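Protein chains in written order, with the numbering used here: chain A, 1360 to 1653; chain B, 1360 to 1653.
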């Protein structure tokens, strides 16, 4: 170890020690680990002052790009695979796989009745989504809330197009029936690029990564006594399933959106044939009473 | 390795691989290292979703707290010792030690003549700073620029008190004479707390860390053919030299601000006795022609 390395090592230990008085043991553990990894990164890369300035500028720009309808920090976490990793380390093997929240769950979903349409525009391919919320034993979770949001057939969320889409388009908060069943009408979502006009877009450009996500519908299922599940239904025939810009695809979440050209079935669901039908069951796990629900 | 760990490990490798096409080898190296350390941190801590959300919220707040007169991202880097570590890994053993830039070098320093006062208020303890800029061989660097900025005797920078301090108070851009000498008049700076009304202050509170910095004057010395030096002069009898909130103190930068009660010396420097006098020589190292000046 040369004297530079000794000085660097002493500095890291001094910073770690500065958090020894943290009021909360977990806060201390987290901050110490953040310091150790951030310092290891700087030392490993021998980061120059100019690179440090660029990093500071980038993080500043990410924070400043956030507003009521955009969460660029979540987006950065997403494209670095951190959001998916948080899901992976909090996985519940016996329940439906979770995946990332994404940056567009920004507004409350409008409360809708089972069978309602979340599509307020009517120009996309009609689609019916049905499913059942159960507990780990397969018993229905009566009254579970099912919050869904998705982009339209052109790949845009309502909050991205306030002058084109009515507020709440593509969003709905449903309550499962006594058998845990839910159903709603919508349009088939489109693959779309994550927003590339901000600092995260510049990062993707610099690394020649494409910004596309495979077509998907977001879903959060919750009920008292169960762990809240945040997940996606991915459209099985969508492009980009093998190169999702935010690394959120899990095989169990890829769902067949079957094409059905049967007027009788269409009429039963309140759509016109041909339409697509996705059926997706959600298995929740019991809440850990020691940790509380999220 | 259980299946969760395998999935997490595969995810990390997929994210690292996504940067393989980066246009620039260093960009790729940096992003891969960022991903590996960020993922290692999440896995080591088994970060919960709620903790991830808190981290995202904190980073968002840090970015949003930045404006023309405040750089909260630099402040975060400072209190985590990252800014000092960047200086340590870019150290030049044969030259004067560098230290952190800090968040207050936000406005151009007004151009002043040698001997001018940077104190536009006149209520603090008079102080004279003198010094000499040399190269590694001790030869004077004629015409070197010496950019200084400091807080007032109450611990505030001009940009923090636009209604109290005239713009440019405590700031000056000087040009060393033919012998590399510089001199200016000022007041003795005060220790001060870094801004605690933002997200970085909340972090310090949560870890019961005090926010104080020992009294110091910032200095950037630059000249063609030499590496630009960013450093501080610390006041030798200041409190907090052993617990600087931003970990910037180096023994070689602690300077005696001698008290001088001699009317003749005072008159020569254009101040009134008693006054303080700090003498600080700056030794620059040659620029590396392969890397270019910063």
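We treat Cβ as the ideally placed atom computed from N, Cα and C, and that holds for glycine.
Predicted model, so just to flag it, every value in this text is computed and none were measured.
Paired residues, beta bridge with residue 1516(A) - DSSP: Checking the DSSP bridge columns, you'll see residue 1516(A) has no partner listed.
DSSP three-state assignment for residue 1471(B), whether helix, strand or coil: Residue state, collapsed to three classes: coil.
Close beta carbons around residue 1375(B), own chain, < 7 Å, minus the five adjacent residues each side: Hits under 7 Å: 1391, 1394 and 1395.
Residue from 1617(A), 1609(A), 1569(A) and 1647(A) with nearest C-alpha to residue 1380(B): Residue nearest to residue 1380(B) within the set 1617(A), 1609(A), 1569(A) and 1647(A) is 1569(A) (criterion: CA-CA distance).
Sequence-distant residues of the same chain with beta carbon closer than 6 Å to residue 1628(A), five excluded per side: If the five residues before and after residue 1628(A) are omitted, its C-beta is found closer than 6 Å to the C-beta atoms of 1487, all from its own chain and listed in chain order.
Length-filtered (4 minimum) alpha helix (DSSP H) runs lying within the segment 1513 to 1583 of chain B: Correct list: 1558 to 1565.
CB contact check: residue 1504(B) to chain A, cutoff 9 Å: It does not; no Cβ of chain A falls within 9 Å.
Close beta carbons around residue 1516(B), own chain, < 6 Å, minus the five adjacent residues each side: Around residue 1516(B): 1463 and 1510.
C-alpha distance - residue 1593(B) paired with residue 1613(B), whole-angstrom precision: The alpha-carbon atoms of residue 1593(B) and residue 1613(B) are separated by roughly 5 Å.
Unbroken alpha helix (DSSP H) run spanning residue 1441(B), endpoints: Run containing residue 1441(B): 1441 to 1448, per the alpha helix (DSSP H) assignment.
Coil, strand or helix - residue 1363(B) by DSSP: Judged by DSSP in its simplified three-state form, residue 1363(B) adopts helix.
Cross-chain neighbours of residue 1402(A) in chain B, by beta carbon under 9 Å: For the C-beta of residue 1402(A), the chain B residues within less than 9 Å are, from N- to C-terminus, 1444, 1447 and 1448.
Simplified DSSP assignment, three categories, for residue 1497(B): In the three-state reduction of the DSSP assignment, residue 1497(B) falls in the coil class, being assigned neither a helical nor a strand state.
Within chain B, the residues that residue 1606(A) reaches when beta carbons sit closer than 7 Å: 1370, 1373 and 1374, listed in chain order.
Sequence-distant residues of the same chain with beta carbon closer than 6 Å to residue 1442(A), five excluded per side: Counting only Cβ-Cβ distances below 6 Å, and skipping sequence neighbours, we find 1436 and 1459.
Residue-level contact to chain A via CB, residue 1593(B), 9 Å cutoff: Chain A, which has no Cβ nearer than 9 Å to the Cβ of residue 1593(B), makes this no.
CB contact flag (residue 1378(A), residue 1566(B), <9 Å): Contact: yes.
C-alpha gap between residue 1615(B) and residue 1596(B), whole angstroms: So the two alpha carbons sit approximately 8 Å from each other.
Same chain only: Cβ atoms within 8 Å of residue 1425(B), ignoring 5 sequence neighbours per side: Contacts found: 1431 and 1432.
Chain-ordered chain A contacts of residue 1432(B) [CB-CB under 7 Å]: Under the 7 Å cutoff, chain A gives 1415, 1418 and 1419.
Candidates 1544(A), 1600(A) and 1634(A): closest to residue 1474(A) by CA position: Of 1544(A), 1600(A) and 1634(A), the residue nearest in Cα terms is 1544(A).
C-beta contact flag for residue 1382(B) and residue 1590(B) at 9 Å: No, they are not a contact pair.
Spatial distance of residue 1651(B) from residue 1582(B) (CA atoms): Caution is warranted here: a pLDDT of 45 is assigned to residue 1651(B), below 50, making its placement in the model unreliable, and no coordinate value can be reported.
Within chain A, partners of residue 1307(B) - CB distance below 8 Å: In the structure displayed, chain B extends from 1360 to 1653; residue 1307(B) sits before or after that span and is not available.
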